[in-house]
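**Q** Quick note: the sequence shown uses our numbering, first residue 2, plus one each step.
The beta carbon of each residue, even a glycine, is placed where N, CA and C say it ideally should be.
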Amino acid sequence: MIRQEFQRIDPKRRAILSHKKKQFATPAFKQQDYPHRLNFYETPPTAEITLEQFEQWAIDRLKILAEIEACSYRNKTPAETTAHITPLLQKFLPLSSNTSSRDGAEDPRLKNERQKDHYSHFILRLAFSATEDLRRRFARAETMLFRFRFQADDSRERRAFIDSLSLDWESVSDEERREVAEHLVAATPGLRRSDEEVWYKVDWEKVPELIERRTVFLSRGKAYVPEREQLSMIIAEFTTRLERALEVCEVKFED
């Protein structure tokens with residue numbers, strides 16, 4: 002983010018710096034690549050930006066998250082929320098797909114958009130990590146933003162992004178699928194035969210939406226999830242990782 006050399010720190014302050022926090026004073030600065038439109042925000046940004054960018058990017062993202070939260074409080078439908086948020090995103094936090102440019106991810110415009118998205122997320126993550134309530138609100142709004150973008154993403158780019166993630170999904174073999182076919186059909190609305198879908202096994206805690214809707218077969222702590230419910234798995238994974246990162250962020254500032 003904003004570069005601060007360790008040597009520039011006041012000598013009195015340097016003497017009392019915790020060794021645990023020294024990494025914040027001497028990071029390795031480098032530009033990052035953004036091959037995908039979507040981001041799980043697992044790697045903090047380290048390249049330099051200006052103070053003006055730091056402030057404006059944070060403000061722009063905060064406007065989006067505030068409107069998302071307001072839509073939720075007003076019980077707007079997904080369609081109403083989409084109609085309200087779309088023009089605001091285009092104005093304050095645009096994020097174009099690779100197919101929107103002849104140069105793809107190498108287009109400077111796309112790089113700038115993705116850099117702003119990346120930095121603004123981490124700036125607000127720091128700001129919202131102070132209390133449990135703030136962390137919960139931030140995670141909820143960011144999850145809703147990610148869901149909106151994921152659903153609007155180009156199918157091929159979405160697949161490429163998913164393939165880039167290290168997801169703990171276990172494919173269900175044909176033999177195992179046949180063994181539990183009756184349960185799969187019974188638990189999945191609209192499904193006539195189990196071989197109509199590709200199935201994955203995940204820890205049941207990773208698909209809370211499906212558990213709440215009772216639309217998934219559970220066995221020995223695993224949820225059998227059809228590929229059509231991929232969105233639920235991705236959203237749950239995004240939320241889990243973000244909540245964990247927020248907790249780590251809080252601990253670092255308490256040390």
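1) Here's the rule I'm using: 16 or more other beta-carbon atoms within 10 Å means buried, otherwise exposed. How should Ile60 be labelled?
2) To the nearest angstrom, how far is the alpha carbon of Glu70 from that of Leu125?
3) Answer with yes or no whether the minimum CB distance from Leu185 to chain B is below 8 angstroms.
4) Taking Arg159 and Phe151 to be in contact with their CB atoms under 8 angstroms, please state how far apart those CB atoms are, rounded to whole angstroms.
5) What alpha helix (DSSP H) runs, 4 residues minimum, are completely inside the region 69 to 153?
6) Enumerated in chain order, which unbroken segments of the alpha helix (DSSP H) with a length of 4 residues or greater are wholly contained in the region 165 to 252?
7) Pick out whichever of Gly222, Glu177, Arg38 has its Cα sitting closest to the Cα of Ser102.
8) Going by beta carbon distance, what residues of the same chain come within less than 6 angstroms of Val249, once the five residues before and after it are set aside?
9) Leaving aside the five residues before and after Asp108 along the sequence, list all residues of the same chain whose C-beta is less than 6 angstroms from its C-beta, in chain order.
10) With a CB to CB cut of under 6 angstroms and the five nearest residues on each side skipped, what residues in its chain are close to Ala106?
11) With 16 as the cutoff for other CB atoms within 10 Å, does Ala140 come out buried or exposed?
12) Less than 8 angstroms between the CB atoms is what I'm expecting for Arg62 and Leu94, so what's the real figure, rounded?
13) Drop a sphere of 10 angstroms on the beta-carbon of Asp169, count the other beta-carbons inside from all chains shown, and report buried for 16 or more, exposed for fewer.
14) In three-state DSSP terms, what is Phe41?
**A** Quick answer:
1) exposed
2) 15 angstroms
3) Within the model displayed, chain B is absent; a lone protein chain is all it includes.
4) 7 angstroms
5) 79 to 93, 109 to 128, 133 to 153
6) 175 to 180, 182 to 188, 209 to 214
7) Arg38
8) none
9) Ser102
10) Pro36, Asn99
11) buried
12) 6 angstroms
13) exposed
14) coil
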